[in-house]
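Written below as structure tokens is the structure these notes are about.
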Amino acid sequence: MTQPLAAASRISQRRQAALSDGGADYSAKRAELIRIAAIVFREKGYATATLNDIAAVFGTDRASLYYYVASKEELFQECIQNILDTNVAAAAGIAELPVSPREKLTQLISLMIASQVEHYPYMYVYIQEDMRQVVSQDAEWATRMVEQTHRLEKFFRDAILEGVADGSFRDGLSATLVANGLFGMLLWTHRWYVPGTKYSEQELTATFTALFFDGLATP
Numbered sequence: 696m697t698q699p700l701a702a703a704s705r706i707s708q709r710r711q712a713a714l715s716d717g718g719a720d721y722s723a724k725r726a727e728l729i730r731i732a733a734i735v736f737r738e739k740g741y742a743t744a745t746l747n748d749i750a751a752v753f754g755t756d757r758a759s760l761y762y763y764v765a766s767k768e769e770l771f772q773e774c775i776q777n778i779l780d781t782n783v784a785a786a787a788g789i790a791e792l793p794v795s796p797r798e799k800l801t802q803l804i805s806l807m808i809a810s811q812v813e814h815y816p817y818m819y820v821y822i823q824e825d826m827r828q829v830v831s832q833d834a835e836w837a838t839r840m841v842e843q844t845h846r847l848e849k850f851f852r853d854a855i856l857e858g859v860a861d862g863s864f865r866d867g868l869s870a871t872l873v874a875n876g877l878f879g880m881l882l883w884t885h886r887w888y889v890p891g892t893k894y895s896e897q898e899l900t901a902t903f904t905a906l907f908f909d910g911l912a913t914p
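Read in order, the letters of the sequence shown are residues 696 to 914 in my numbering.
Okay, here's the thing in structure tokens:
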């Protein structure tokens, strides 16, 4: 084994041991590294950002980052995977509620906005980046994340179809186009909204639901 490969192997072993141990200090520093990576990805874009950029903000050198993560790709994955899985699980719960289609959509809208606020800037990174450009097209992780995103979109579409079926939403519009339009409106906030600035989470939810439901109401 060459010297660089041997050194990389030792670092990998130390990282795996630290991850398994779950020490509070290590976990806190790793979480801080992931938070900083999300900020750098947001500012520079995933493709442009480098581990050197992240290390500089973290206050260390690139080599030291490998004690916490194996690659830039792993940092990106850590930024968004748990959040997206949590959102899908929450949306699935909303879909099962014995409430009207309008109430389901209201709760789904609130969920998406609350997630962007709570998990800023992680959700910004997720929305900003095309995951199929970030990792290889056949990567299992990328495929799973795309599938989860489609599941999330389907909860919106299904609620719209329920509303059309019971007469509370207007007929004659493509449910897929309506759902994509709503989903796009919600996600586009990442281009201009920073939590804690001019508008509150409640104001966003109220405004978006008013715009959407007034347009979808039965004439």
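Positions of the beta carbon are idealized from the N, C-alpha and C atoms, including for glycine.
So what's residue i in DSSP terms, helix, strand or just coil?
| i | result |
| --- | --- |
| Ala719 | helix |
| Asp780 | helix |
| Ser695 | As shown, the chain starts at 696 and ends at 914. That puts residue 695 outside it, with no answer to give. |
| Ala905 | helix |
| Val764 | coil |
| Arg709 | helix |
| Asp756 | coil |
| Trp887 | coil |
| Ser895 | coil |
| Gly788 | helix |
| Tyr821 | helix |
| Gln698 | Low confidence applies to Gln698: its pLDDT is 41, below 50, so where it sits in the model is not reliable, and the reading given next is rough at best. In this structure, Gln698 counts as helix in the three-state DSSP scheme. |
What residues match up with residue i in a beta bridge as DSSP calls it?
| i | result |
| --- | --- |
| Phe864 | Ala912 |
Short check: CB of residue i to CB of residue j, under 9 angstroms?
| i | j | result |
| --- | --- | --- |
| Gln802 | Val812 | no |
| Met840 | Leu779 | yes |
| Phe850 | Met880 | no |
| Tyr821 | Ile749 | no |
| Arg846 | Val873 | no |
| Val764 | Ile731 | no |
| Tyr741 | Lys724 | no |
| Thr823 | His885 | For the sequence presented, residue 823 should be read as Gln rather than Thr. Result yes, Cβ atoms of Gln823 and His885 sit closer than 9 angstroms. |
So residue i and residue j are supposed to be a Cβ contact under 8 angstroms. How far apart are they, rounded?
| i | j | result |
| --- | --- | --- |
| Thr900 | Ile789 | Contact doesn't hold; Cβ gap of about 14 angstroms is too wide. |
| Phe878 | Leu911 | Incorrect: roughly 14 angstroms between the Cβ atoms, too far for contact. |
| Glu848 | Pro796 | The pair is not a contact, with the Cβ atoms about 16 angstroms apart (cut-off 8 angstroms). |
| Ala854 | Leu800 | 5 angstroms |
Consider the C-beta atom of residue i and the heavy atoms of the ligand FAD; say whether any pair is separated by less than 8 angstroms.
| i | result |
| --- | --- |
| Arg710 | The ligand FAD is not among the ligands present in this structure, which contains no ligands whatsoever. |
Under 8 angstroms, with one C-beta from each stretch per pair, do the region 765-785 and the region 735-747 reach the 3-pair mark? They touch, by the three-pair rule.
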